[in-house]
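First to last, the protein sequences are chains A and B. Going by the numbering used here, the first sequence opens with residue 53, and the numbers climb by one from there. Going by the numbering used here, the second sequence opens with residue 29, and the numbers climb by one from there. Each residue gets a CB set at the ideal place from its N, CA and C atoms; glycine is no exception. Worksheet: one structure, shown below.
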Amino acid sequence: MNPHLIILFVILPMAAGIVSVLLHSFKQAQRVVGLLFLLANAACAAWALATVVTAPDAVSRILTSQMGNWPAPFGITIVVDPLSAIMLTVSSVTCVAVFIYCSTQLPTRFAGGYFYALFHLLMMGVQWAFITGDLFNLFVAFEIMLMASYVLFVVGTTREQVRQAYKYILLNLLGSTLFVTALGWLYGQLGTLNMADMSRMAMMGTLPKSSIPVIALLLVVFGGKTAIFPLWFWLPDAYHTLPAGIVGLFAALLTKVGAYVLIRVFVMIFGPSQEVSQVLVPVLMISAGVTMFLGVLGAVSMHTVRRILSIHIISQVGYMVMGIGMGMTIGAATGSKELAVAGAIFFVIHNMAVKCCLFLCGGLMQTHAGSDDLDRIGGLLKKAPWLATLFMIAAMSLAGLPPLSGFFGKFVLIREAITQERWVVMTFAILTSLFTLLSMLKIWSYGFWSPAPEVSLEKADMRRAISEGLMHERPRIAGGMVAVVLLVGVSLSMGLGAQKYLDISTLAAQSLVNPEPYIEAVLGKERIREIEASRLQASRLTMDTEGVR
Amino acid sequence: MTVLTAILVGLIFACSAYMMLGRELKGVCMGVFLLGHGANLAILASSRSPVGLIPPVLDGSALSRYVDPLPQALILTAIVIGFAVQAFLLTLLVLTWRRQETLELSELAEEQSH
Numbered sequence: 053m054n055p056h057l058i059i060l061f062v063i064l065p066m067a068a069g070i071v072s073v074l075l076h077s078f079k080q081a082q083r084v085v086g087l088l089f090l091l092a093n094a095a096c097a098a099w100a101l102a103t104v105v106t107a108p109d110a111v112s113r114i115l116t117s118q119m120g121n122w123p124a125p126f127g128i129t130i131v132v133d134p135l136s137a138i139m140l141t142v143s144s145v146t147c148v149a150v151f152i153y154c155s156t157q158l159p160t161r162f163a164g165g166y167f168y169a170l171f172h173l174l175m176m177g178v179q180w181a182f183i184t185g186d187l188f189n190l191f192v193a194f195e196i197m198l199m200a201s202y203v204l205f206v207v208g209t210t211r212e213q214v215r216q217a218y219k220y221i222l223l224n225l226l227g228s229t230l231f232v233t234a235l236g237w238l239y240g241q242l243g244t245l246n247m248a249d250m251s252r253m254a255m256m257g258t259l260p261k262s263s264i265p266v267i268a269l270l271l272v273v274f275g276g277k278t279a280i281f282p283l284w285f286w287l288p289d290a291y292h293t294l295p296a297g298i299v300g301l302f303a304a305l306l307t308k309v310g311a312y313v314l315i316r317v318f319v320m321i322f323g324p325s326q327e328v329s330q331v332l333v334p335v336l337m338i339s340a341g342v343t344m345f346l347g348v349l350g351a352v353s354m355h356t357v358r359r360i361l362s363i364h365i366i367s368q369v370g371y372m373v374m375g376i377g378m379g380m381t382i383g384a385a386t387g388s389k390e391l392a393v394a395g396a397i398f399f400v401i402h403n404m405a406v407k408c409c410l411f412l413c414g415g416l417m418q419t420h421a422g423s424d425d426l427d428r429i430g431g432l433l434k435k436a437p438w439l440a441t442l443f444m445i446a447a448m449s450l451a452g453l454p455p456l457s458g459f460f461g462k463f464v465l466i467r468e469a470i471t472q473e474r475w476v477v478m479t480f481a482i483l484t485s486l487f488t489l490l491s492m493l494k495i496w497s498y499g500f501w502s503p504a505p506e507v508s509l510e511k512a513d514m515r516r517a518i519s520e521g522l523m524h525e526r527p528r529i530a531g532g533m534v535a536v537v538l539l540v541g542v543s544l545s546m547g548l549g550a551q552k553y554l555d556i557s558t559l560a561a562q563s564l565v566n567p568e569p570y571i572e573a574v575l576g577k578e579r580i581r582e583i584e585a586s587r588l589q590a591s592r593l594t595m596d597t598e599g600v601r
Numbered sequence: 029m030t031v032l033t034a035i036l037v038g039l040i041f042a043c044s045a046y047m048m049l050g051r052e053l054k055g056v057c058m059g060v061f062l063l064g065h066g067a068n069l070a071i072l073a074s075s076r077s078p079v080g081l082i083p084p085v086l087d088g089s090a091l092s093r094y095v096d097p098l099p100q101a102l103i104l105t106a107i108v109i110g111f112a113v114q115a116f117l118l119t120l121l122v123l124t125w126r127r128q129e130t131l132e133l134s135e136l137a138e139e140q141s142h
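Printed below as a string of structure tokens:
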């Protein structure tokens, strides 16, 4: 693959968005064109992944392109490294599934007009965030993504949605303002916002001390977007008001982009700096433990499918943060760091597919029973046996039963927690797993297993759901099932082919824990020599001082 | 100069925090807009004090005396994004007003409980 072609990951969704705007009164055409664009996008992502994985050495695994041919730390750089490639591949496949679901299941009120254009623009922001090579472009990508999400939040609204939408929009605006302020300060301190260049400074140990608070501020910003403790409060209220298709899209993309950025910024850019790790690792580990445990407790206490799954997003983010924290630990062996980060990456991609799949299952449950309140439904096992089977696979995968995908992510993370002797977090991780199983069984036993409630509320519930716009008047369940099957397929392939996915994740983790190849690919060989020279000097200095002693 | 900017940024942030804590949506939104301006000013300050420096124009003869132009480019982008966000929020305000006929948060919440 010609490295300059990676700009396609921005151009394709943008073109799809523009075409959808032009076609806004032809719904069928929008669906067909959108699906074609998404398939092309997924093919490109798979191609990029294949190129990256089969490349002969670490430097050629990183595809870079300088926009307008301005040299690296000054111009705009876009990069596809193994991490970006695997995120792009899984997210684009997930998007295909959500798109199929949305175009068959969403009521006209949501899916009419500019819905598909917004879908593509959201994807454009997400993919741009995956390939950008500097923090300011990351900000721009975030804004595009968020702007599309704001509109998706209020399109075809019910009253409850409007109220929650204000909360979501205002909090995110606050986050974005903090982000851009932090970027300004960071630029003032470091003189660059290029990821490779900042990583180089961290490796050489030339980050000024005064930049550490600004870096911690970045953690606050990204922590808010990812919904980690204590910045998660906006998520459970906001997500459950949305119809299943849209919330599936948000669950698959928005918080996962946050997790991706946490990995990229804290493991790759600032991870090599001891001073930063010293400050951040304890914060990350405590936050991880509390996030996963409180999140799952919240999920167990809820009683509608969408609410359980929404709060569950938070709990799962905890595992990712745990991997990130262990990947930054000072003094841990490189192999252990790499495995921890690989576990986090595996967990992110597993979660993208599985979480989204569960939300879509929840939507289909509502289509069958008229409600997703667990007190009002039941007996779906007889009514929709295939849906029940698929839900069970996805739910057990989320809970982490072998041989499904969740097991391998958790296995790697918990193993590394044992290697690094982090007993507290490990205990929380295992407990959280148990509670996850419990919350999934709750949906299973109330929704599918138990007999339908005696007084059938189905007709009334369905009328209400349709009037609130949560359900299509004439839903075509087959389309929704295709989407769910596709996602379960992705999850199964991750479980049964775990070795392959873990190999790729490890490859990605290697170029994050030791970012030298990344720096060389973006900035050129001379900069690497500078790093080596400075390291030599440092070791000579320590040798001198030891000699004096 | 930098001190002056810092004080100004602090003042703007304080005003916007005060407005955002209000109970009326229009005020809250204005507070958010103001916060954006404060942020832009903070970025501008990161190009250091411009006293004694000249604007960056493509001449090349006085490179060492240029003001760092990058923060200005960043601000420009941030302003454009800010415009879009403001336009969207104001539209949402108008829509909320048309539907609920109130922008008081307490009344919006009350309507909810009915």
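7 Å Cβ cut-off: residues of chain B touching residue i
{"i": "A:L602", "result": "Residue 602 of chain A is absent from the model: chain A starts at 53 and stops at 601."}
{"i": "A:L222", "result": "V56, V60"}
{"i": "A:V206", "result": "L120"}
{"i": "A:Y202", "result": "F116"}
{"i": "A:T602", "result": "Residue numbering for chain A in the displayed model covers 53 to 601; residue 602 of chain A lies beyond these limits and cannot be assessed."}
Beta carbon proximity, residue i to chain C, threshold 7 Å
{"i": "A:Y239", "result": "The structure shown contains no chain C; its protein chains are A and B."}
Residue burial classification, residue i (beta-carbon count within 10 angstroms, cutoff 16)
{"i": "A:R161", "result": "buried"}
{"i": "B:V79", "result": "exposed"}
{"i": "A:D427", "result": "exposed"}
{"i": "A:W438", "result": "exposed"}
{"i": "B:Y46", "result": "exposed"}
{"i": "A:P159", "result": "buried"}
{"i": "A:G310", "result": "buried"}
{"i": "A:D133", "result": "buried"}
{"i": "A:R592", "result": "exposed"}
{"i": "A:S423", "result": "buried"}
{"i": "A:E584", "result": "exposed"}
{"i": "A:F194", "result": "buried"}
{"i": "A:P108", "result": "exposed"}
{"i": "A:T258", "result": "exposed"}
{"i": "A:G547", "result": "buried"}
{"i": "B:M29", "result": "exposed"}
{"i": "A:V477", "result": "buried"}
Beta-carbon neighbours of residue i, restricted to chain A and to distances below 7 Å
{"i": "B:P99", "result": "G236, Y239"}
{"i": "B:L136", "result": "R215"}
{"i": "B:P106", "result": "Per the sequence shown, the amino acid found at residue 106 of chain B is Ala instead of Pro. The answer, in chain order, is V232."}
{"i": "B:T124", "result": "V214"}
Rounded distance between the beta-carbons of residue j and residue i, thought under 8 Å
{"i": "A:I130", "j": "A:P569", "result": "Not confirmed; about 17 Å, so no contact."}
{"i": "A:A385", "j": "A:E468", "result": "Rounded, the Cβ-Cβ distance is 10 Å, inconsistent with contact."}
{"i": "A:S339", "j": "A:I280", "result": "5 Å"}
{"i": "B:I40", "j": "B:G66", "result": "4 Å"}
{"i": "A:G69", "j": "A:M197", "result": "That belief does not hold up - the Cβ atoms of A:G69 and A:M197 are roughly 12 Å apart, past 8 Å."}
{"i": "A:L412", "j": "A:L539", "result": "7 Å"}
{"i": "A:V142", "j": "A:I401", "result": "4 Å"}
{"i": "A:M344", "j": "A:S367", "result": "5 Å"}
Neighbour list for residue i in chain B, Cβ cutoff strictly below 8 Å
{"i": "A:T441", "result": "Residues of chain B passing the Cβ test: none, with the nearest at roughly 38 Å."}
{"i": "A:T129", "result": "Here the premise fails: no neighbours, minimum Cβ distance about 15 Å."}
{"i": "A:T146", "result": "Per Cβ cutoff of 8 Å: no residues; A:T146 is ~26 Å from chain B at best."}
Cβ-heavy atom distance, residue i to the ligand FMN, below 6 Å
{"i": "A:V142", "result": "Although the ligand FMN was asked about, the structure shown includes no ligands whatsoever."}
Chain A contact residues for residue i, given Cβ-Cβ distances below 8 Å
{"i": "B:L102", "result": "F188, V232, L235, G236, Y239"}
{"i": "B:L53", "result": "Y218"}
Chain A residues whose Cβ lies nearer than 9 Å to that of residue i
{"i": "B:I109", "result": "F191, V192, E195, I196, M199, S228, V232"}
Legend entry - Members of the stretch 56 to 89 of chain B near chain A, C-beta cut-off 7 Å: V56, V60, L63, G64, A67, A70, I71, S74
Inset, instruction - Pick out the complete alpha helix (DSSP H) segments inside the stretch 53 to 94 of chain B, 4 residues or longer, and give them in chain order. - result: 53 to 73
Legend entry - Members of the stretch 178 to 200 of chain A near chain B, C-beta cut-off 7 Å: F188, V192, E195, M199
Legend entry - Residues of the stretch 333 to 367 of chain A with Cβ closer than 7 Å to any Cβ of chain B, in chain order: none
Inset, instruction - Taking only beta carbons into account, state which residues of the stretch 255 to 281 of chain A come closer than 9 Å to chain B, listed in chain order. - result: none
Inset, instruction - Could I get the ranges of all uninterrupted alpha helix (DSSP H) runs contained in the stretch 87 to 165 of chain A, with 4 residues as the minimum, in chain order? - result: 134 to 157, 160 to 163
Legend entry - Whole alpha helix (DSSP H) elements within the stretch 286 to 328 of chain A, 4-residue minimum: 286 to 291, 296 to 314
Inset, instruction - Give, in chain order, every unbroken run of the beta strand (DSSP E) that is at least 3 residues long and sits entirely within the stretch 386 to 427 of chain A. - result: none
Legend entry - Runs of alpha helix (DSSP H) wholly within the stretch 192 to 227 of chain A (minimum 4 residues, chain order): none
Legend entry - Ordered list of beta strand (DSSP E) runs contained in the stretch 426 to 482 of chain A, each at least 3 residues: none
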